[in-house]
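Colleague: First the structure, then my questions, so here it is.
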Amino acid sequence: MSSAIVINEVSKRFGKKYVLNQINLTVESGQIFGLIGPSGSGKTTLVKIIVGMDSASHGNVQVLNTSVPNLQLLQRIGYMAQADALYNDLTGEENLAFFASLFKLKKVVQKERIAYAAELVHLTADLKKKVENYSGGMKRRLSLAAALIQNPDVLILDEPTVGIDPELRKSIWSELYRLKNEGKTILVTTHVMDEAEKCDCLAMVRNGEIITSGSPSELKNQYGITSLEEVFLQAGGKQQ
Amino acid sequence: MRILAMVKRIFFQMLRDKRALALMMVAPLLVLTLLNYLLAGNTVDPRLGVINADDNLIERLEDSEITVIQVDANTKDLLLDKDLDGILDINGEDISLTLTNDQPNAAKALQMKVQQAIAAEKAKEQAANLSSFMKTIQSKLPGMTDKMEQVKSPKINTSYIYGNEDTIFFDQLNPILVGFFVFFFVFLISGIALLRERTTGTLERLLATPIQRRDIVFGYLLGYGLFAVIQTIIVVTYAVKVLDITLAGSFWNVVLINLTLALVALTLGLLLSSFANSEFQMMQFIPIAIIPQVFFAGIFPFESMAGWMQVLAKCMPMYYGGNALVEVMYKGSGLGEITNDLLVLVGFALVFIVLNVVALKKYRKI
Ligand SMILES: Nc1ncnc2c1ncn2[C@@H]1O[C@H](COP(=O)(O)OP(=O)(O)O)[C@@H](O)[C@H]1O
Ligand SMILES: [Mg+2]
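Protein chains in written order, with this note's numbering: chain A, 149 to 388; chain B, 182 to 547.
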């Protein structure tokens with residue numbers, strides 16, 4: 149198995165403050181990789197560096213064997229930002245169509261992808277509504293649909309399930325599994341522990357450092373505990 | 182391709198935003214109309230109180246459009262009570278003029294008229310004295326038959342290179358205002374649009390797609406540029422056809438100048454929006470970056486500015502725009518005379534475009 153994302157000695161500093169400190173991380177392709185940590189731990193910063201929206205102060209990142217940032221690479225990365233970045237004065241469909249037209253896609257394929265992505269997040273019936281009339285959860289789902297629009301090989305989702313009800317969350321996860329089985333690599337950040345269980349591999353982040361990583365069962369065995377939450381607390385405690 | 186996607190999206194957004202659309206298309210017309218009526222308003226005849234003036238002088242004063250009112254005392258109370266602009270008190274050779282001077286311009290004009298009337302009256306008296314004096318001499322010297330020719334008071338024929346005797350301040354100011362309002366409203370709408378895209382995070386999201394930074398800038402230029410074209414044509418047509426302002430040169434040259442100005446405004450608006458974090462901060466650029474432009478656009482004569490002010494003027498796009506507009510609209514110049522101004526404006530736009538593309542590096546290095 150080749151590595152889809154390789155993060156090498158990445159540090160990030162805002163002014164004097166180090167937000168990320170020598171992060172090393174490898175995401176194998178075809179994995180669902182979870183980045184778990186409390187808010188403010190540096191997950192979003194790391195994710196932005198992976199996509200190329202921000203640059204590391206030290207170190208480098210490679211996605212699909214290409215150094216970040218790279219324009220062609222962005223065609224193959226689907227990014228869902230933590231804050232919904234949508235055009236509120238356009239309809240859901242217009243939003244999806246706009247993002248679709250920024251990627252190299254044939255007209256017919258665009259239509260198919262819009263229909264597919266909308267169906268996936270259960271928004272088909274609301275596509276003609278303006279986004280300003282959407283609820284928070286609906287906006288979140290539309291953002292996810294926009295990230296999937298160009299059928300990317302790598303999905304980078306920053307807290308994708310925040311504000312989404314449990315039923316839909318479940319269906320989104322089952323879709324993520326389906327995408328994984330298609331061979332896609334998925335990186336998800338979350339601060340909810342029960343989502344961590346669903347990942348193939350986990351990295352726990354605290355104060356800009358990775359305190360431990362491995363598959364959920366490996367981590368539990370390593371610490372001899374059955375709950376990941378306990379693992380997080382122990383790993384964090386051990387470090388201090 | 183991606184530029185077209187941007188343009189299409191901007192169109193959808195703009196057509197849905199009725200307020201912004203109205204601000205861009207209708208607001209300049211309203212402001213121009215208001216100014217037109219304010220500046221073109223006929224002035225009221227000044228009211229002058231007179232003491233001991235003879236009928237000839239009064240007639241002369243009335244001829245020069247002064248309302249003459251007989252009064253009996255030269256006091257401030259009377260001046261104010263009767264709502265007079267001044268009192269002319271004639272006491273033999275001793276003439277005094279008291280002016281209310283609440284509007285210095287009007288007072289100066291009144292003073293001029295009164296002086297002229299008195300001088301003319303004196304000259305007439307002088308001429309009459311002279312001619313009776315001559316008659317006496319002639320009758321005393323029978324040998325002299327030639328009559329002395331009366332000197333006619335000279336009549337000055339005034340002609341105007343630009344405009345005519347009906348030209349009012351607004352005619353000269355108008356070209357500048359037309360350009361300024363196009364500049365101002367395009368700046369505001371495009372700047373705030375890009376700013377909103379920054380604050381809602383969609384700009385960042387956009388840059389997470391394979392779009393090039395310059396495609397974003399050109400998308401904005403084309404999208405809002407098309408609205409600017411429509412706005413320019415509406416504003417210029419309205420100014421010329423409805424407000425009936427002087428247009429000595431070609432209509433299309435005026436449109437061309439305004440479009441170039443709109444291009445500069447567009448690129449400047451986009452650029453300044455990258456230094457603002459909110460719509461209010463965008464507004465703060467108006468007194469700094471926009472209002473001063475109008476002062477240097479030709480309202481105050483360039484020649485009478487101090488040296489450093491002239492240098493400042495030459496840094497302002499509106500200086501060139503105003504200059505070109507006055508050339509075409511007021512002086513009737515052709516494309517040849519405005520080419521330089523247009524080139525400088527295009528130069529401004531190019532610089533701003535490059536700076537915009539660079540400014541987007543803040544979000545993505547490539
Ligand atoms: N642009 C920035 N300038 C300064 N500090 C920042 C900036 N972005 C993030 N931070 C800081 O970096 C830290 C990590 O933030 P973030 O990556 O958003 O955490 P998370 O996504 O895990 O909640 C926080 O302390 C935040 O205040
Ligand atoms: Mg975050």
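Ideal placement from N, C-alpha and C gives every residue a C-beta, glycine not left out.
Keep in mind it's a predicted model, so treat the numbers as computed, not measured.
Distance check for A/Val199 and A/Gln388, CA to CA, integer angstroms please.
Modeller: Confidence is the limiting factor: at A/Gln388 the pLDDT is only 46, short of 50, which leaves the residue's position unreliable, though a coordinate-based value still follows. A/Gln388 and A/Val199: Cα-Cα distance of roughly 31 Å.
Colleague: With distances taken between CB atoms, is the gap from A/Met352 to A/Gly178 smaller than 8 Å?
Modeller: No, the Cβ-Cβ distance between A/Met352 and A/Gly178 is not below 8 Å.
Colleague: First and last residue of the beta strand (DSSP E) that includes A/Val209?
Modeller: It spans His206 to Val211 - the beta strand (DSSP E) in which A/Val209 sits, taken as one unbroken run.
Colleague: So for A/Tyr166, helix, strand or coil by DSSP?
Modeller: In this structure, A/Tyr166 counts as strand in the three-state DSSP scheme.
Colleague: Return helix, strand or coil for B/Leu550, following the three-state DSSP convention.
Modeller: Only positions 182 to 547 of chain B appear in the structure, and residue 550 of chain B is not among them; the question remains open.
Colleague: A/Phe181 by DSSP, collapsed to three states: which one?
Modeller: If DSSP states are grouped into helix, strand and coil, A/Phe181 belongs with the strands.
Colleague: Following a CB-centred definition, is A/Lys160 positioned closer than 7 Å to any heavy atom of ligand 2?
Modeller: The answer is no for A/Lys160.
Colleague: Starting from B/Ile392, find everything on chain A with Cβ-Cβ shorter than 8 Å and list it in chain order.
Modeller: Residues of chain A passing the Cβ test: Leu250.
Colleague: Select from the region 456–467 of chain B all residues with a C-beta closer than 9 Å to any C-beta belonging to chain A, and list them in chain order.
Modeller: Listed by position, the residues of the region 456–467 of chain B near chain A (Cβ gap below 9 Å) amount to none.
Colleague: When the Cβ atoms of the region 159–166 of chain A are set against those of the region 299–314 of chain A, are three or more pairs found closer than 8 Å?
Modeller: With the cut-off at 8 Å, the region 159–166 of chain A and the region 299–314 of chain A do not touch.
Colleague: Using a threshold of 8 Å, state whether the C-beta atoms of B/Met182 and B/Gly400 are closer than that.
Modeller: Cβ distance not < 8 Å, so B/Met182 and B/Gly400 don't count as in contact.
Colleague: Out of A/Ser203, A/Ile153 and A/Glu176, which one is the CA nearest neighbour of A/Val167?
Modeller: For the residues A/Ser203, A/Ile153 and A/Glu176, the minimum Cα distance to A/Val167 belongs to A/Ser203.
Colleague: Mind pulling the chain B residues with CB within less than 9 Å of A/Gly163?
Modeller: By Cβ distance, chain B contributes nothing, its closest Cβ being about 16 Å from A/Gly163, past 9 Å.
Colleague: Along the beta strand (DSSP E) that carries B/Thr279, what are the first and last residues, could you check?
Modeller: Counting along the chain, the beta strand (DSSP E) containing B/Thr279 begins and ends at Asp275 to Leu280.
Colleague: Report all residues for which the CB-ligand distance to some heavy atom of ligand 2 is below 7 Å; order them along the chain.
Modeller: Counting every residue whose Cβ lies closer than 7 Å to a heavy atom of ligand 2, we get A/Ser187, A/Lys191, A/Thr192, A/Gln230, A/Asp306, A/Glu307 and A/Thr337.
Colleague: For a contact meaning CB atoms closer than 8 Å, what does A/Ser203 contact in chain B?
Modeller: Chain B residues near A/Ser203: Lys546.
Colleague: Looking at chain E, is there any beta carbon in it that lies within less than 8 Å of the beta carbon of A/Ala265?
Modeller: Among the protein chains of the structure shown, namely A and B, there is no chain E.
Colleague: Return the first residue and the last residue of the alpha helix (DSSP H) that B/Thr448 is part of.
Modeller: B/Thr448 -> alpha helix (DSSP H) spans Phe432 to Ser454.
Colleague: CB B/Leu440 to CB B/Gly372, shorter than 8 Å?
Modeller: No. Outside cutoff.
Colleague: A/Thr338 lies in the beta strand (DSSP E); which residues open and close that run?
Modeller: Segment Thr333 to Thr338, the beta strand (DSSP E) holding A/Thr338.
Colleague: Can you round the beta-carbon distance between B/Ala478 and B/Gly503 to whole angstroms, since I take them to be within the 8 Å contact cut?
Modeller: Confirmed, about 3 Å.
Colleague: Taking all protein chains shown into account, do 16 or more other C-beta atoms lie within 10 angstroms of the C-beta of B/Ala254, making it buried, or fewer, making it exposed?
Modeller: Answer is exposed; the Cβ neighbour count stays below 16.
Colleague: Classify A/Arg161 as helix, strand or coil using the three-state DSSP reduction.
Modeller: It is a strand residue.
Colleague: In this structure, how does DSSP classify A/Arg288 when only helix, strand and coil are distinguished?
Modeller: The answer is helix: DSSP assigns A/Arg288 an H, G or I state.
Colleague: Exposed or buried, which one is B/Asp266 when buried takes at least 16 other CB atoms within 10 Å?
Modeller: So B/Asp266 ends up on the buried side.
Colleague: By alpha-carbon positions, which one of B/Asp425, B/Leu424 and B/Trp433 ends up nearest to B/Val410?
Modeller: Out of B/Asp425, B/Leu424 and B/Trp433, B/Trp433 has the C-alpha closest to the C-alpha of B/Val410.
Colleague: Identify whether B/Arg545 lies in helix, strand or coil by the three-state DSSP scheme.
Modeller: The answer is coil: DSSP assigns B/Arg545 none of H, G, I, E or B.
Colleague: Which residue from B/Leu449, B/Leu428 and B/Tyr511 puts its Cα closest to that of B/Val527?
Modeller: Checked all of B/Leu449, B/Leu428 and B/Tyr511; the closest Cα to B/Val527 is B/Leu449.
Colleague: Considering only residues of the same chain and omitting the five flanking positions on each side of B/Asp198, which have a CB-CB separation below 7 Å?
Modeller: Nothing meets the Cβ criterion.
Colleague: Going by the DSSP bridge assignment, what does A/Glu176 pair with across the sheet?
Modeller: Paired residues: A/Ser151.
Colleague: Relative to ligand 1, is the shortest distance from any of its heavy atoms to the C-beta of A/Ser189 smaller than 7 Å?
Modeller: Correct: A/Ser189 has its Cβ closer than 7 Å to ligand 1.
Colleague: Compute every distance between the C-beta of A/Val167 and the non-hydrogen atoms of ligand 1, then say whether any falls below 7 Å.
Modeller: A/Val167 Cβ: within cutoff of ligand 1.
Colleague: Classify A/Glu377: buried if its beta carbon has 16 or more other beta carbons within 10 angstroms, exposed otherwise.
Modeller: Exposed, by the Cβ-count rule.
Colleague: Does the pairing of the region 275–286 of chain A with the region 323–341 of chain A give three or more beta-carbon distances under 8 Å?
Modeller: Judged by Cβ distances under 8 Å, the region 275–286 of chain A makes no contact with the region 323–341 of chain A, as fewer than three pairs qualify.
Colleague: Quick one: what's A/Tyr235 bridged to in DSSP?
Modeller: Answer by DSSP bridge pairing: none, since A/Tyr235 is not bridged.
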